[in-house]
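Reading the sequence shown from the start, the letters are residues -19 to -1, 1 to 502 in mature numbering (1 follows the signal peptide of the UniProt record, and there is no 0).
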Amino acid sequence: MTKQIEFLCFLLFPIHTLSINFNELNLPPQHIPFVFNAFPEIAETCNSEQSCPFKSSLGAKSCWGYERDCDKKSSYHVRPVCPGDHRGWVKTKEAQYDTFYTQADFGYVKEQIDDLMVMCEALYPDDTSLECSKYLRFCRGRNIMLNFTGLVGRGDNLRYKTDILSAGQIGGYCKFYSDRLMKEAEHMSALQSWGPEMVNFVKTPKKPIADGMCDIVIDKPTYIMKLDAAVNMYHHFCDFFNLYASLHVNSTHPSTFTRNNHILVWETFTYDSAFKDAFKAFTENPIWDLKRFRGKVVCFKNAVFPLLPRMIFGLYYNTPLIYGCERSGLFHAFSKHILHSLNIKLHMRTDDRVRVTLLSRGTTYRSILNEKEIVDALLKEDGYYVQRVVYDRTVSFTKQLEITHNTDVFIGMHGAGLTHLLFLPDWAAVFEIYNCEDPNCYADLSRLRGLKYVTWEDKSKLVQQDEGHSPGGGSHAKFTNYSFDVKEFLRLVAKCAEYVRNRQDFQNFVEASLIKMHEEL
């Protein structure tokens, strides 16, 4: 199997093996050594070319953590810590760490790579190749045919459909292991796996591209994505996170970390989202949807079917996390990748005040009824720089990220806007004012990102406006508004601020900022 996969990796990218412009690498500078170690020829070229901007990264022994020859000392520098009790999940601290690393860090990527199975074996370069991970959660292939003639007459509102393709409308010329593929087709919901699509795979009588079966041939690598709710930051960033994780699962070639590719959304709606700028971290090209290829037979020289947002035991959404551990290097790397790609930078500090940002909700439910009183009280406190923000369509997404990334204590009610915590600095604290009886969602996301998390501790010190009127009927804490005891609110903010001030990286950043400011005067 190993030899098959190595041969397939060659077939996925057989042309222009190392013809990559250094300026095309879309990575934070601190991530460049990982590419150099994975592809030594790239490092040698950088060393020999005077124009290479990454010479300072040469010689550093670094690996992400999923590579076969990667030892822990050389792996990604942000690693889990497990200070808490595992509550009986495992028997030892070492097992607790390993479990978290496999569930939520680069060990998760390694698991997907180790699970890859050849479904369609190419014997010659013009043949088709396809490999998929367990339950068809991730697939990638070469010279694959997709027949979209069945979309004619089906309209422009196809989303979350499991019948985009029918039998024989995906396939290629190869040694096809049909039984192996069908055995993995257990998770058949739209956003759980690529099973609904891959069960239609067939061996074609001809080579799709070489023998002219295609109306259109796509040369560039194409990521085919089934999206969750693009209107909701929490759910849409599950898409972006899993796309980033899939770059690592697919990292057989340095072009993986460039933006010279296409993204095809698996629906006929025209893609739009308040968070669409995040796609700039992955592609330099417009986002396609299925309308572009309706009625056509399309062949992809390189296609990737990434990890999906609602996989059973996936990562980010409803992830079963072992107790007592926090800080995922994979989530840290994702945060840095997005911030770098969108050119979001930390601002130098002019003083040592803790920057406190209160995210105000311009919505019907979960508003803070005494918000003005709370903000006024915060403004009177020494040692804080306080701002109240509303993240709506009047504030560009990149501006929102800039504000968030320059925040030390991020405060908000339970809601998708708290997903911004992914892009806080490493020393930050998150204060989810009230979790509205959903205690794990943002606590776990904070834990994955490695941030301090605080929420309301004494329900006797809050007032719920009414029982909450769920649109589906019945009462629920998410569908009402709240008032909070101001003194208790200030105490919890102070708890967050104390944590931030005690962080060495915060202290170092403030000190460096003040030194630079004095040097410039």
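Just so it is clear, CB atoms sit at the ideal spot from N, CA and C, and this is done for glycine as well.
All figures in this text were calculated on a predicted structure; none of them were measured in a lab.
1) From what residue to what residue does the beta strand (DSSP E) around Gln93 run?
2) From this set, Leu127, Tyr297, Thr233, Leu382, which residue's C-alpha is nearest Val198's C-alpha?
3) Beta-carbon within less than 6 Å of Thr203's beta-carbon, same chain only, minus the 5 sequence neighbours each way: which residues are those?
4) Looking at the C-beta of Asp419, does it have a partner C-beta in chain C at a distance below 8 Å?
5) Mark Thr(-18) as exposed unless 16 or more other C-beta atoms lie within 10 angstroms of its C-beta, in which case mark it buried.
6) Pairs of beta-carbons, one from the region 223 to 241 and one from the region 340 to 350, closer than 8 Å: are there three or more?
7) Please state whether the Cβ-Cβ distance between residue 511 and Leu224 is less than 8 Å.
8) Look up Tyr463 in the DSSP assignment and give the residues it is bridged to.
9) Which same chain residues end up closer than 6 Å to Val481 when comparing Cβ atoms and leaving out the 5 residues on each side of it in sequence?
10) With DSSP as the reference, label Phe281 as helix, strand or coil.
11) Using CA atoms only, rank isn't needed, just tell me which of Ala314, Phe470, His450 is closest to Glu362.
12) Quick check on DSSP: helix, strand or coil for Gln488?
13) Taking the DSSP output, what are the residues bridged to Ile151?
14) Tell me whether Glu438 is buried or exposed, calling it buried when 16 or more other Cβ atoms sit within 10 Å of its Cβ.
15) Mind listing, in chain order, the continuous alpha helix (DSSP H) runs of no fewer than 4 residues lying wholly within the region 294 to 365?
16) Considering only C-alpha positions, which residue in the set Tyr372, Val376, Asp466 is nearest to Lys353?
17) Using 10 angstroms around the beta-carbon of Val371, count the other beta-carbons present and answer buried if the total reaches 16, otherwise exposed.
18) Between which two residues does the beta strand (DSSP E) carrying Ala203 extend?
19) Below 8 Å on the Cβ atoms is my guess for Ala397 versus His12; work out the distance and round it to an integer in Å.
20) Look at the Cβ atom of Glu112, then the Cβ atom of Leu132, and state whether they are nearer than 8 Å.
21) Any idea if Thr130 is buried or exposed, counting beta-carbon neighbours within 10 angstroms, 16 or more meaning buried?
22) When the Cα of Lys42 is compared with those of Cys51, Tyr423, Ala458, which residue comes out closest?
23) Closer than 7 Å: is that where the CB of Phe274 sits relative to any heavy atom of the ligand MN?
24) Thr400 and Ala85 look like a contact to me (Cβ under 8 Å); what is the Cβ gap, rounded to whole Å?
25) So what does DSSP say about Gln31, is it helix, strand or coil?
26) Identify the continuous beta strand (DSSP E) that holds Ala410 and give its terminal residues.
27) Keeping to the same chain, check which residues put their C-beta closer than 8 Å to that of Val90; ignore five residues upstream and five downstream.
28) Since Thr385 is in the alpha helix (DSSP H), which residue starts that stretch and which ends it?
29) If you follow the beta strand (DSSP E) that Ile392 is part of, which residue opens it and which one closes it?
30) Restricting to Cα atoms, I'd like to know which of Asn124, Asp107, Met100 is closest to Ser114.
31) Do the region 152 to 159 and the region 177 to 197 make contact, defined as three or more Cβ pairs closer than 8 Å?
32) Considering only residues of the same chain and omitting the five flanking positions on each side of Pro68, which have a CB-CB separation below 8 Å?
33) May I have the straight-line CA-CA distance separating Leu495 from Thr338, to the nearest angstrom?
34) With Ser110 as the anchor, note down where its beta strand (DSSP E) starts and where it stops.
35) Look up Gln11 in the DSSP assignment and say whether it is helix, strand or coil.
36) Using the Cα positions of Lys53 and Arg240, report the straight-line distance between them to the nearest angstrom.
Walking through what the data contain:
1) Here the question's residue 93 lines up with position 112 in the sequence shown. Segment 87 to 95 is the alpha helix (DSSP H) holding Gln93; no beta strand (DSSP E) there.
2) As a position in the sequence shown, residue 198 is number 217, starting the count at 1. For Val198, the nearest C-alpha among the options comes from Leu127.
3) Translated into the one-based positions of the sequence shown, residue 203 becomes position 222. Once the five neighbours on either side are set aside, the close Cβ partners of Thr203 are His243, Leu245, Phe281, Ala284.
4) The displayed structure is made up of one protein chain only, and chain C is not part of it.
5) Residue numbering aside, residue -18 sits at position 2 when the sequence shown is read from its first letter. Confidence at Thr(-18) is low in this model, with a pLDDT of 41, below 50, so the placement of that residue should be treated as unreliable; the coordinate-derived value is given next. It is exposed - the Cβ of Thr(-18) has fewer than 16 other Cβ atoms within 10 Å.
6) no
7) What the structure shows of the chain is the stretch from -19 to 502, and residue 511 is not part of that stretch, so it cannot be assessed.
8) Position 482 of the sequence shown, counted from the first residue, corresponds to residue 463. DSSP, once it has assigned bridges, lists Ile349, Gln445 as partnering Tyr463.
9) In the sequence shown, counting from the first residue as 1, residue 481 sits at position 500. Here the set comprises Val335, Asp389, Trp408, Ala410, Phe487.
10) In the sequence shown, counting from the first residue as 1, residue 281 sits at position 300. Of the three classes helix, strand and coil, the one that applies to Phe281 here is strand, per DSSP.
11) Here residue 362 refers to the residue found at position 381 when the sequence shown is read from its first residue. Here the closest residue by C-alpha is Phe470.
12) Looking up residue 488 in the sequence shown gives position 507. It is helical.
13) For the purposes of this step, residue 151 is taken as residue 170 along the sequence shown, with counting starting at 1. In DSSP, Ile151 forms a bridge with Leu127, Phe182.
14) Taking the first residue of the sequence shown as position 1, residue 438 is located at position 457. By the Cβ neighbour-count rule, Glu438 is exposed, with fewer than 16 other Cβ atoms within 10 Å of its own.
15) 310 to 322, 352 to 360
16) Here residue 353 refers to the residue found at position 372 when the sequence shown is read from its first residue. When each option's Cα is compared against that of Lys353, the closest is Asp466.
17) As a working note, residue 371 is residue 390 in the sequence shown. Its Cβ having fewer than 16 others within 10 Å, Val371 is exposed.
18) On the sequence shown, residue 203 is found 222 positions in, with the first residue counted as 1. Per the sequence shown, the amino acid found at residue 203 is Thr instead of Ala. Unbroken beta strand (DSSP E) run through Thr203: 203 to 206.
19) As a working mapping, residue 397 is identified with position 416 in the sequence shown. As a working mapping, residue 12 is identified with position 31 in the sequence shown. Their Cβ separation, rounded to whole angstroms, is 28 Å, which puts Ala397 and His12 out of contact at 8 Å.
20) Mapped onto the sequence shown, residue 112 falls at position 131. Mapped onto the sequence shown, residue 132 falls at position 151. It is not a contact, given that the beta carbons lie outside the stated cut-off.
21) Numbered from 1 along the sequence shown, position 149 holds the residue referred to as residue 130. Exposed: under 16 other Cβ atoms inside 10 Å.
22) Indexing the sequence shown from 1 puts residue 42 at position 61. Comparing Cα positions, the closest option is Cys51.
23) Looking for the ligand MN in the displayed structure turns up nothing, as the structure carries no ligands at all.
24) Position 419 of the sequence shown holds residue 400. Position 104 of the sequence shown holds residue 85. Taking the Cβ atoms as the reference, Thr400 lies roughly 16 Å from Ala85, outside the contact range of under 8 Å.
25) Within the sequence shown, numbered from 1, the residue matching residue 31 stands at position 50. Coil, per DSSP.
26) Residue mapping note: residue 410 aligns to position 429 of the sequence shown, counting from 1. Where Ala410 is concerned, the enclosing beta strand (DSSP E) stretches over 410 to 413.
27) The residue given as residue 90 occupies position 109 in the sequence shown. So the list reads Trp45, Gly46, Tyr47, Ala226, His229, Val230, Leu311, once near-sequence residues are dropped.
28) If you number the sequence shown from 1, residue 385 lands on position 404. Counting along the chain, the alpha helix (DSSP H) containing Thr385 begins and ends at 378 to 386.
29) In the sequence shown, the residue the question calls residue 392 occupies position 411. 390 to 393 is the span of the beta strand (DSSP E), which, as asked, contains Ile392.
30) Here residue 114 refers to the residue found at position 133 of the sequence shown. Closest in alpha carbon position to Ser114, among Asn124, Asp107, Met100, is Met100.
31) yes
32) Position 87 of the sequence shown, counted from the first residue, corresponds to residue 68. Here residue 68 is Arg; the residue named in the question, Pro, does not match the sequence. If we look at Arg68 and ignore the five residues flanking it on each side, its Cβ neighbours are Tyr304, Gly305.
33) Indexing the sequence shown from 1 puts residue 495 at position 514. Indexing the sequence shown from 1 puts residue 338 at position 357. Distance between Leu495 and Thr338, taken at the CA atoms: about 22 Å.
34) By 1-based counting over the sequence shown, the position of residue 110 is 129. That run of the beta strand (DSSP E) goes 110 to 113.
35) Looking up residue 11 in the sequence shown gives position 30. Helix.
36) One-based indexing of the sequence shown puts residue 53 at position 72. One-based indexing of the sequence shown puts residue 240 at position 259. Using only the alpha carbons, I get a separation of about 29 Å.
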